[in-house]
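> This is the structure, below, for whatever I ask next.
In the numbering used here, the protein residues as written are 1 to 361.
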């Protein structure tokens, strides 16, 4: 929309008796123009191909980031699963401890009726029972909390019933540490993620360098103008354009150098990450060996603790042992039971963490 119609002076000679106009309209005051245009880059100095490669590297990086997150979530769920089993086993151990003290309290009460034990024995076993009950209460609350935490990770109501089964007891032998480290270098998404970041940044640097080269493009357009003064209302045009920023204060080159430096830093972080991952693999590999040895040791100690308690109770019933010996034997058996359970679940947890460290979870 124009404020006035465009016009041109025509300067016609005057003719007596005829009033000739001195202006000729060139366009309507209000008219519409329709245009369709397309631009095709012919030469960009590698800018477009670098942008495509950078985008592809970014997609790969996103995939590696997702794989890393998935493995972290899997380990969190597995740890919480084992925590449920550990807490429930601890509750069962607390109930066994209380049952053993209840059985000993019955022996003390029977001997007390016969006047064969001091009142101090009756009081001390009652105190031990009270301590066992409060430990059972703590273990029950811990088991309920572990189940609620497991439900939260699965997106279920916190009070939803949790049914978990013991993991398979047959465990493979511990692999060679050198083979594990080699597999981790090839499988851990963190290493590939940093490599993809470095590659994407390299392509970004190439994009910046391409900005210092000539940019050649073709532009084609078709226009239609609804203007009655136009003889040809449809017009087509084809243009070839060249743009070259010969001097920009070295901005593009400095941006390219900065991107190259970022890529170099990403590769240095990749080397450091590989070293940290190798250390993590070795740490979890040692943890598997430690837990395996603990499990074997506590398995033998648990049988010995059960026998020690049986002997102490038998001696007490026959009047040749003391009440303190029985309490000490039961406390030792309860401690050994706890150590055995912890070693059992620590071994399963260490194996899961080793799988995650290798990138195979």
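Think of the CB as a built atom: it goes at the ideal place given N, C-alpha and C, for glycine as much as any other residue.
#1: Counting only the same chain and skipping the five closest in sequence on each side, list residues whose C-beta sits under 8 Å from that of residue 129.
#2: Nearest to residue 167 by CA position, among 276, 312, 82, is which residue?
#3: Quick check on this structure: which residue in 231, 344, 238 has the alpha carbon closest to the alpha carbon of residue 296?
#4: Using beta-carbon positions only, say whether residue 258 and residue 44 come within less than 8 Å of one another.
#5: Per DSSP, what are the beta-bridge partners of residue 35 in this structure?
#6: For residue 157, count the other beta carbons within 10 Å of its own beta carbon; 16 or more makes it buried, fewer makes it exposed. Which is it?
#7: Look up residue 7 in the DSSP assignment and say whether it is helix, strand or coil.
#8: Are residue 107 and residue 317 close, meaning C-beta to C-beta below 8 Å?
#9: Select from 331, 189, 147, 184 the residue whose C-alpha is nearest the C-alpha of residue 282.
#10: In this structure, how does DSSP classify residue 349 when only helix, strand and coil are distinguished?
#11: Can you confirm whether residue 299, when its beta carbon is compared against all beta carbons of chain C, has any partner nearer than 8 Å?
#12: Look up residue 361 in the DSSP assignment and say whether it is helix, strand or coil.
#13: Using DSSP with H/G/I as helix, E/B as strand and the rest coil, what is residue 277?
#14: What does DSSP give as the partner residue(s) for residue 241 in the beta ladder?
#15: Just the C-alpha distance for residue 10 and residue 239, rounded to the nearest angstrom, thanks.
#16: By the three-class DSSP mapping on this structure, what secondary structure does residue 42 have?
#17: Using the three-state DSSP reduction, which class does residue 236 fall into: helix, strand or coil?
#18: Report the residue from 154, 193, 88 whose alpha carbon sits nearest the alpha carbon of residue 139.
#19: Taking only runs that begin and end inside the segment 31 to 117, name each unbroken beta strand (DSSP E) of 3 or more residues, in chain order.
#20: Expressed to the nearest angstrom, what Euclidean distance is found between the alpha-carbon atoms of residue 308 and residue 346?
#21: So, are the CB atoms of residue 242 and residue 214 less than 8 Å apart?
#22: For the candidate residues 118, 164, 267, 235, whose alpha-carbon lies nearest to that of residue 191?
#23: Is the beta carbon of residue 354 less than 8 Å from the beta carbon of residue 293?
#24: State the CB to CB distance for the pair residue 31 and residue 232, rounded to an integer number of angstroms; the pair is presumed to be in contact (CB under 8 Å).
#25: Who are the near neighbours of residue 255 in its chain, counting only those whose CB is closer than 7 Å to its CB and skipping five residues on each side?
#26: Do you know whose CA, among 306, 181, 264, lies nearest residue 278's CA?
#27: Just the C-alpha distance for residue 36 and residue 224, rounded to the nearest angstrom, thanks.
#28: Cα-Cα, which of 244, 78, 306 is closest to residue 212?
#29: Does the segment 189 to 205 come within contact of the segment 66 to 74, defined as at least 3 CB pairs closer than 8 Å?
#30: What is the rounded straight-line gap between the Cα of residue 298 and the Cα of residue 135?
#31: So who's on the other strand from residue 18, going by DSSP bridges?
#32: With a Cβ-Cβ cutoff of 8 Å, do residue 90 and residue 142 count as a contact?
#33: Specify the secondary structure class of residue 25 as computed by DSSP and reduced to three states.
#34: Leaving out five residues before and five after residue 150 in sequence, what residues of the same chain have Cβ atoms less than 6 Å from its Cβ?
Quick look at the numbers:
#1: Here residue 129 is taken as the residue at index 129 of the chain shown, counted from 1. So the list reads 98, 101, 102, 105, once near-sequence residues are dropped.
#2: If you number the chain shown from 1, residue 167 lands on position 167. The candidate whose alpha carbon is nearest that of residue 167 is 82.
#3: On the chain shown, residue 296 is found 296 positions in, with the first residue counted as 1. Out of 231, 344, 238, 344 has the C-alpha closest to the C-alpha of residue 296.
#4: Taking the first residue of the chain shown as 1, we reach residue 258 at position 258. Taking the first residue of the chain shown as 1, we reach residue 44 at position 44. Cβ distance not < 8 Å, so residue 258 and residue 44 don't count as in contact.
#5: On the chain shown, position 35 is the one that residue 35 refers to. Its beta-bridge partners are 223.
#6: In the chain shown, counting from the first residue as 1, residue 157 sits at position 157. By the neighbour-count rule (16 or more Cβ atoms within 10 Å), residue 157 is not buried but exposed.
#7: Reading the chain shown from its first residue, position 7 is the one you call residue 7. Strand at residue 7.
#8: Locating residue 107 in the chain shown gives position 107, counting from the first residue. Locating residue 317 in the chain shown gives position 317, counting from the first residue. Cβ atoms of residue 107 and residue 317: closer than 8 Å.
#9: Position 282 of the chain shown, counting from 1, holds the residue named residue 282. When each option's Cα is compared against that of residue 282, the closest is 184.
#10: Here residue 349 is taken as the residue at index 349 of the chain shown, counted from 1. In this structure, residue 349 counts as helix in the three-state DSSP scheme.
#11: The question asks about chain C, but that chain is absent: this structure has only one protein chain.
#12: Here the question's residue 361 lines up with position 361 in the chain shown. It is coil, neither helix nor strand.
#13: In the chain shown, counting from the first residue as 1, residue 277 sits at position 277. DSSP places residue 277 in helix when its eight states are reduced to three.
#14: Here residue 241 corresponds to residue number 241 of the chain shown, with the count starting at 1. 217, per the DSSP bridge assignment.
#15: The residue given as residue 10 occupies position 10 in the chain shown. The residue given as residue 239 occupies position 239 in the chain shown. Residue 10 and residue 239: Cα-Cα distance of roughly 33 Å.
#16: For the purposes of this step, residue 42 is taken as the residue at position 42 of the chain shown. DSSP places residue 42 in strand when its eight states are reduced to three.
#17: Within the chain shown, numbered from 1, the residue matching residue 236 stands at position 236. Residue 236: strand per DSSP, three-state reduction.
#18: Translated into positions along the chain shown, residue 139 becomes position 139. When each option's Cα is compared against that of residue 139, the closest is 88.
#19: 32 to 43
#20: On the chain shown, residue 308 is found 308 positions in, with the first residue counted as 1. On the chain shown, residue 346 is found 346 positions in, with the first residue counted as 1. Straight-line Cα distance between these residues: approximately 26 Å.
#21: Within the chain shown, residue 242 is the residue found at index 242, counting from 1. Within the chain shown, residue 214 is the residue found at index 214, counting from 1. Taking 8 Å as the Cβ cut-off, residue 242 and residue 214 qualify as a contacting pair.
#22: Here residue 191 corresponds to residue number 191 of the chain shown, with the count starting at 1. Cα-wise, what sits closest to residue 191 is 267.
#23: Locating residue 354 in the chain shown gives position 354, counting from the first residue. Locating residue 293 in the chain shown gives position 293, counting from the first residue. Their beta carbons are not under 8 Å apart, which means residue 354 does not touch residue 293 by this criterion.
#24: Counting from 1 along the chain shown, the entry for residue 31 is found at position 31. Counting from 1 along the chain shown, the entry for residue 232 is found at position 232. With a Cβ gap of about 14 Å, residue 31 and residue 232 do not count as contacting.
#25: Taking the chain shown and counting its residues from 1, one reaches residue 255 at position 255. Around residue 255: 208.
#26: Residue mapping note: residue 278 aligns to position 278 of the chain shown, counting from 1. Taking only the C-alpha atoms, the option nearest residue 278 is 181.
#27: Here the question's residue 36 lines up with position 36 in the chain shown. Here the question's residue 224 lines up with position 224 in the chain shown. If you take the alpha carbons of residue 36 and residue 224, they lie about 9 Å apart.
#28: For the purposes of this step, residue 212 is taken as residue 212 along the chain shown, with counting starting at 1. Comparing Cα positions, the closest option is 244.
#29: yes
#30: The count along the chain shown starts at 1 and reaches residue 298 at position 298. The count along the chain shown starts at 1 and reaches residue 135 at position 135. Residue 298 and residue 135: Cα-Cα distance of roughly 22 Å.
#31: As a first step, residue 18 is located in the chain shown; it is residue number 18 there, counting from the start. In DSSP, residue 18 forms a bridge with 15.
#32: For this step, residue 90 is matched to residue 90 along the chain shown. For this step, residue 142 is matched to residue 142 along the chain shown. Contact flag set, yes.
#33: Walking along the chain shown from the start, residue 25 turns up at place 25. Reduced to three states, the DSSP call for residue 25 is strand.
#34: As a first step, residue 150 must be located in the chain shown, where it is residue number 150. Around residue 150: 80, 84, 162.
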